Structure formats: C-alpha cells, structure tokens
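Okay, structure first, notes after.
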Amino acid sequence: KGGDPYVFARGSEEAAALAAAGVPYEVVPGITSALAVPAAAGIPVTQRFSSTSFTVVTGHEDPASGDGTVDWDAIARTGGTLVVLMGVGRWPQIAERLLQAGRSPDTPAAAVRWGTRPEQETVRATLATLGDHELASPSVIVVGSVAAEELTWFEDRPLFGRTVVVTRARAQASGLAGRLRELGAGVVEAPAIEIGDPRDGGAALRDAVGRLGSFDWLVLTSPNGVRRTFELIADARALAGVRVAAIGPATAAALAEHRIVADLVPERYVAESLLDALPDPPPGGGRILLARAAVARDVLPDGLRAAGWEVEVAEAYRTRSVALGDELRAQVRAADAVTFTSSSTVANLCDAIGPDQVPAVVVSIGPITSATARERGLAVAAEADPHTIDGLVAALLGALA
1 KGGDPYVFAR GSEEAAALAA AGVPYEVVPG ITSALAVPAA AGIPVTQRFS
51 STSFTVVTGH EDPASGDGTV DWDAIARTGG TLVVLMGVGR WPQIAERLLQ
101 AGRSPDTPAA AVRWGTRPEQ ETVRATLATL GDHELASPSV IVVGSVAAEE
151 LTWFEDRPLF GRTVVVTRAR AQASGLAGRL RELGAGVVEA PAIEIGDPRD
201 GGAALRDAVG RLGSFDWLVL TSPNGVRRTF ELIADARALA GVRVAAIGPA
251 TAAALAEHRI VADLVPERYV AESLLDALPD PPPGGGRILL ARAAVARDVL
301 PDGLRAAGWE VEVAEAYRTR SVALGDELRA QVRAADAVTF TSSSTVANLC
351 DAIGPDQVPA VVVSIGPITS ATARERGLAV AAEADPHTID GLVAALLGAL
401 A
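Just so we're aligned: 32 in our numbering is position 32 of the sequence shown, and the numbers increase by one with no gaps anywhere.
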C-alpha cells in the first residue's frame with residue numbers, strides 16, 4: 001500500500017521468511033508514496049536552489065517516549081525536506097519536537113490525504129499551524145520550503161473530484177474508463193450488460209459465414225458483431241467480392257484489427273444514415289448479410305428490403321443484464337454522472353436500481369440511447385456528437401462544466 005515493498009513496509013520480513021524456508025522469490029520495486037504523493041500534490045521533494053536533500057521517516061513512533069529509533073533532533077538540524085509517513089495520529093508531538101529542535105515555526109508544511117486518488121485533498125500551512133487543520137489518515141506530510149510550491153496538475157484536471165458511472169460491458173469498459181481517469185474522474189464501473197452467445201449458439205451466423213461469397217455486402221453495426229463474425233472466418237479470402245459496411249468508427253476500427261478496410265462508413269453513426277449511404281441493389285437484386293445483436297431495431301433490415309435488397313439477418317451476440325451488488329448500487333447512486341453507450345445499458349441499469357436512483361447527470365452516446373433514457377423517465381443532460389467514445393467524453397465534460 002505504500003508503493004514499494006521495502007520502504008516502510010514488511011517486504012523485507014516476508015523475503016527473510018521465504019529465504020529461510022528455501023522458497024524462491026522476486027522483489028518488484030515500486031514508487032514509494034513518499035515521492036508519488038507529494039508529486040501528485042505539486043510538491044517536489046527536492047529543488048535545486050532551496051532543498052537538495054530529503055529525509056523520509058515514519059511517524060508511527062511516539063516522539064515523547066524516548067525509546068524510538070527516529071532521532072528527531074538530528075532530523076530537525078539536517079534541514080532539507082522532511083517527509084513523514086503514517087504521522088497524522090502523532091503529528092502534534094512530532095511538530096513540537098521539530099520546533100524544540102530549532103525548526104522555524106514558519107517552515108512551510110503540507111498534508112496530502114488520499115494521494116493520487118480521485119478524492120485527493122491537500123492542506124497547506126506551516127509547521128506551527130498544520131495541526132490546526134483537521135488532518136485525517138491516510139496522509140503524507142511534507143515539511144520544508146518545497147511544501148509551499150503549488151505546481152498543481154493532478155487536482156486541476158477537468159473531472160477531478162467528480163465520480164462517473166460507466167455502464168458498458170466489462171470487456172469494453174476499459175477504454176472509456178481510462179479516458180475518464182486521465183481527466184481526473186473517479187470511475188465506478190457498473191457493467192449493466194455482458195456480451196453472450198445468441199440463443200442459437202451462433203448457428204445462424206456460422207451458416208451465413210459459410211455462404212459469405214453469395215452476398216454482395218456484409219453489414220456490421222458494432223465492434224461486438226465484428227469480433228463474433230470474424231471468429232468464424234477462417235480464411236480472409238472468403239470476403240473476396242464482398243463489400244463491407246460499418247456503422248461508426250469503432251466498428252471500422254474493429255475491422256481494421258482484422259486487416260479489413262470498410263468500404264462504407266456513413267457520416268452519421270446510426271442505421272438511418274447507412275440506409276442513405278448504401279447504393280441501390282444491382283439489376284436483378286442483391287443480397288446483404290446483416291450481423292448484429294439479438295435485440296436491435298428493425299429500421300435497418302426493413303429499410304434495406306424496402307430499397308430492393310434481399311436481407312439475411314444473423315444474430316452475432318446478445319446482451320444480458322448483470323446483477324449489481326449492494327455496494328456497487330450504493331456507489332452508482334452516489335455518483336455525479338452516468339454514461340450510457342446503448343439502449344440496453346439504460347434499460348438494465350434502470351431495472352437494477354430504479355430510474356429514480358440513477359445519477360442526475362445523464363450522458364448518452366446517441367439519439368436512440370437518449371430516446372430510451374427519456375422513455376425510462378431520465379433527463380438527458382448531453383448527447384455525444386459525433387456518436388463515439390470521444391464524443392461521449394466531450395459531452396460529459398460539457399455537462400459537468
């Protein structure tokens with residue numbers, strides 16, 4: 001928990017026990033919280049012209065006991081930066097010892113609580129006055145001229161202090177969650193759906209892929225559809241003569257992972273836009289294979305048939321609701337905002353916790369998802385434009401500005 005197993009941790013004791021038992025082991029060095037936490041608060045522990053050394057001590061010992069291993073008098077005389085770990089409980093005694101040993105009461109001091117976490121909080125004061133504030137564990141305390149520095153970056157990020165719920169399936173949530181964390185948000189991953197096999201176990205899609213050469217177009221509406229379809233394509237030459245359409249850049253990117261460049265990606269990432277972009281069928285008719293989720297709107301296949309295409313719909317996957325535990329439900333309710341990336345995430349989260357418990361700021365990826373949210377009684381604060389993850393993040397930033 002302190003960042004490095006050999007810095008105020010019990011890694012050495014564990015290593016000694018393993019060595020004594022003849023058990024091979026490996027030590028993985030880390031970044032100690034004595035350095036990482038001040039850095040996140042904008043405090044450099046050294047500075048070329050003001051502090052050319054630093055001392056790290058444990059504050060767990062009682063300075064007044066007289067039997068500790070920390071020589072506070074020597075530390076006070078050494079100067080430089082002092083970093084105290086686990087010192088909140090004994091800070092009044094530690095500060096008193098440092099003052100008695102000659103440290104100036106006006107020496108800058110800071111306490112950083114929950115360093116590097118979304119709830120990070122920094123208290124800046126002096127050696128004499130830091131104890132007047134309500135300090136709480138876990139905190140790292142820094143004493144020295146560098147504690148006056150405010151090279152803040154961590155707490156200045158646009159979503160710092162905000163908590164956002166990500167409802168995507170766990171296998172797909174990392175990209176969105178990572179972007180939000182980069183912007184400073186605390187992220188609650190509450191996957192409202194999971195991706196599973198279609199009811200027929202994929203038999204219809206497998207059969208259609210086996211006849212892929214008989215189709216003029218393969219239409220894919222999501223990255224999940226791409227993955228499930230290409231799991232069944234053993235030889236890329238099966239696509240010879242077949243053009244591929246993708247709804248949205250994420251679907252096109254999933255195709256690119258298989259070295260396939262989409263022949264058609266509509267400007268707007270909805271089914272209606274694909275209907276407008278697809279050419280008319282060739283003389284004598286044309287055939288389209290539409291690989292999609294089990295539950296989806298019929299606007300695309302119906303529109304294609306109305307345009308003269310013969311359409312075969314194959315279920316590539318289906319979404320299933322995911323039960324949320326009590327602790328996760330509480331985290332969702334306490335969040336500032338929620339992101340929805342599909343109608344199924346809206347429906348399943350509302351079913352799981354109730355529409356009245358959904359965070360107040362609702363941000364959706366597109367018009368269909370927004371419509372579902374409104375049908376469930378939710379007020380949509382912002383809608384992504386374009387209908388992508390980047391667009392969703394931009395919409396969230398605007399909604400929480």
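Virtual Cβ for every residue (Gly too), placed ideally from N, Cα, C. It should be emphasised that the depicted structure is a prediction, and the values quoted were computed from it without experimental measurement.
Counted as a single uninterrupted DSSP element, the alpha helix (DSSP H) harbouring glutamate 375 occupies residues 367 to 375.
Apart from the 5 residues on each side of it in sequence, glycine 184 sits with its Cβ closer than 6 Å to the Cβ of Arg157, Leu159, Phe160 in its chain, given in chain order. Assigned with DSSP and collapsed to three states, arginine 113 falls in strand. In the structure shown, glutamate 312 falls within a strand segment according to DSSP collapsed to helix, strand and coil.
Contact between valine 88 and alanine 136 is confirmed by a C-beta separation of about 7 Å, below the 8 Å threshold.
DSSP places phenylalanine 154 outside both helix and strand once states are collapsed to three, so it counts as coil. Under DSSP, proline 108 shares a beta bridge with Thr126.
In the DSSP secondary-structure assignment, serine 139 is bridged to Arg113. With a cutoff of 9 Å on beta-carbon distance, alanine 271 and leucine 300 are scored as near each other. For serine 364, the enclosing beta strand (DSSP E) begins and ends at 361 to 364. Here glycine 3 really is in contact with serine 33; their C-beta atoms are around 5 Å apart, less than 8 Å.
When Leu290, Val362, Arg211, Ala262 are compared, the shortest CA-CA separation from valine 380 is found for Val362. When Gly80, Ala252, Val23 are compared, the shortest CA-CA separation from threonine 388 is found for Ala252. Between alanine 204 and leucine 232, the alpha-carbon positions lie close to 11 Å from each other.
Secondary structure in the stretch 166 to 228: the alpha helix (DSSP H) runs of 4 residues or longer, each lying completely within the stretch, are 170 to 182, 203 to 210 in chain order. Residue pairing by DSSP places glutamine 331 in no beta bridge whatsoever. Under the three-state reduction of DSSP, phenylalanine 230 is assigned to helix. In the three-state reduction of the DSSP assignment, glycine 80 falls in the coil class, being assigned neither a helical nor a strand state. In the same chain as alanine 238, and ignoring 5 residues on each side of it, the C-beta atoms closer than 6 Å to its own belong to Leu212, in chain order. Put simply, of Thr129, Glu134, Leu127, Val70 the residue whose alpha carbon is nearest the alpha carbon of glutamate 121 is Glu134. About 11 Å separates the CB atoms of valine 188 and arginine 181; that is not less than 8 Å, and the two are not in contact.
Here glutamate 14 is exposed: its Cβ has fewer than 16 other Cβ atoms, across all protein chains shown, within 10 Å. Between threonine 81 and glycine 42 a beta carbon distance of about 14 Å is seen, past the 8 Å cut, so the two are scored as non-contacting. In this structure alanine 39 does not touch tryptophan 72 by the C-beta definition: roughly 25 Å separates them, more than the 8 Å allowed.
Take threonine 152, set aside five residues on each side of it, and the residues of its chain with a beta-carbon closer than 6 Å to its own are Gly42, in chain order. If only complete runs of 4 or more residues are kept, the stretch 1 to 26 shows the alpha helix (DSSP H) at 11 to 20, in order along the chain.
Closest in C-alpha terms to alanine 316, from the list Ala9, Val28, Ala208, comes Ala208. In the DSSP assignment, phenylalanine 49 forms no beta bridge with any residue. Here proline 24 is not near methionine 86, since their CB atoms are 9 Å or more apart. As computed with DSSP, isoleucine 353 is found in no beta bridge at all. Following the DSSP letters along the chain, one finds alanine 277 inside the alpha helix (DSSP H) bounded by residues 271 to 277.
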